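For reference, the structure is listed below as structure tokens.
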Amino acid sequence: MDKKEQLYEGKAKKVYATDDPDLVIVSYKDDATAFNGQKKGTIAGKGAINNRMSNYLFQRLEEKGISTHFVKELSERETLVKHVQIVPLEVIVRNVAAGSFAKRLGVEEGRQLLCPTLEFSYKNDDLGDPFINDYYALALGLATREEIDQITKMAFAVNDFLKEFFQKAGVLLVDFKLEFGRFQGQIVLADEISPDTCRFWDINTHEKLDKDRFRRDMGGVEEAYQEIFSRIGL
Ligand code: TMP
Numbered sequence: 001m002d003k004k005e006q007l008y009e010g011k012a013k014k015v016y017a018t019d020d021p022d023l024v025i026v027s028y029k030d031d032a033t034a035f036n037g038q039k040k041g042t043i044a045g046k047g048a049i050n051n052r053m054s055n056y057l058f059q060r061l062e063e064k065g066i067s068t069h070f071v072k073e074l075s076e077r078e079t080l081v082k083h084v085q086i087v088p089l090e091v092i093v094r095n096v097a098a099g100s101f102a103k104r105l106g107v108e109e110g111r112q113l114l115c116p117t118l119e120f121s122y123k124n125d126d127l128g129d130p131f132i133n134d135y136y137a138l139a140l141g142l143a144t145r146e147e148i149d150q151i152t153k154m155a156f157a158v159n160d161f162l163k164e165f166f167q168k169a170g171v172l173l174v175d176f177k178l179e180f181g182r183f184q185g186q187i188v189l190a191d192e193i194s195p196d197t198c199r200f201w202d203i204n205t206h207e208k209l210d211k212d213r214f215r216r217d218m219g220g221v222e223e224a225y226q227e228i229f230s231r232i233g234l
């Protein structure tokens, strides 16, 4: 499948057209940003890790009956995916209090939640991805009720799978962000599942093995990405 013109460049990935209008190629970069692009850096080797890890997890989720955009891994950094229309919602699932949840609600980081939570942000960089609820999403026409219900169901199913999967690797899945797309009338899981988009803590020590090390200037960023990658046996 030949790579044609670049359609889009995001903060962590580029998207290229192919000969088939239903398929695009995503190319994962080593670039890292945080706080809506205010903080910029490079995490050496991140693109390859995020590509391989996302593809592996998407294939495992497909086996569980969750539709994803994944088609075929093309190289270390490049993957052929379905050309979806992204639903402009960031879908965040949490198992343990951390990050903006802990800050906003005055809860200490690391508190186990009594049940998983789900929240939406409006995917809009100019506005800094503001927190919204399903009524806002409906009122603004960002998604239909059916789509929101389907996204909610899929997000919790992804959580059930990922939580158990990472637990077996000695990793606590604290929280994560998903994005969904529309493809041929269906909602499919899109974007990526990686240390950029999840909080992973060592199950015993709670050592951070994700992008929070970059966001919070903790050092050992590349090592954390390598560590999580090797823990899942990739
Ligand atoms: P938060 O606690 O900062 O709201 O982050 C929740 C989860 O979402 C966390 O796993 C990191 C992920 N995330 C992204 O993938 N992209 C973002 O832009 C932000 C703010 C968070």
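Residues 1 to 234 (the UniProt record's numbering) make up the sequence shown, in order. Ideal Cβ positions, reconstructed from N, Cα and C, are used throughout, including at glycine. Note that this is a predicted model, so its numbers are computed, not measured.
Cβ separation of P116 and N159, assumed to be a contact under 8 Å, to the nearest whole Å: 6 Å
N-terminal and C-terminal residue of the beta strand (DSSP E) that Q6 is part of: 6-9
Stretch pair the segment 45-60 + the segment 91-110: three plus CB contacts closer than 8 Å: no
Selected residue, minimal CA-CA separation from I92, among I49, A44, I132, A17: I132
Environment of E179 [buried if 16+ CB atoms lie within 10 Å]: buried
Enclosing beta strand (DSSP E) for Q126 [first to last residue]: Position check: residue 126 holds Asp in this sequence, whereas Gln was assumed. No beta strand (DSSP E) contains D126, which DSSP labels as neither H nor E.
Cβ-heavy atom distance, I228 to the ligand MG, below 8 Å: With respect to the ligand MG, the structure offers nothing, as its ligand set consists of the ligand TMP.
Extent of the continuous beta strand (DSSP E) run through V188: 186-190
Residues sharing a beta bridge with T17, DSSP: The question names Thr, but residue 17 in the sequence shown is Ala. The partner list for A17 (beta bridge, DSSP) reads V24.
Distance cut-off 8 Å: F166 Cβ against heavy atoms of the ligand TMP: Every heavy atom of the ligand TMP is 8 Å or more from the Cβ of F166, so no.
Residue from N124, F161, E207 whose Cα sits closest to the Cα of L140: N124
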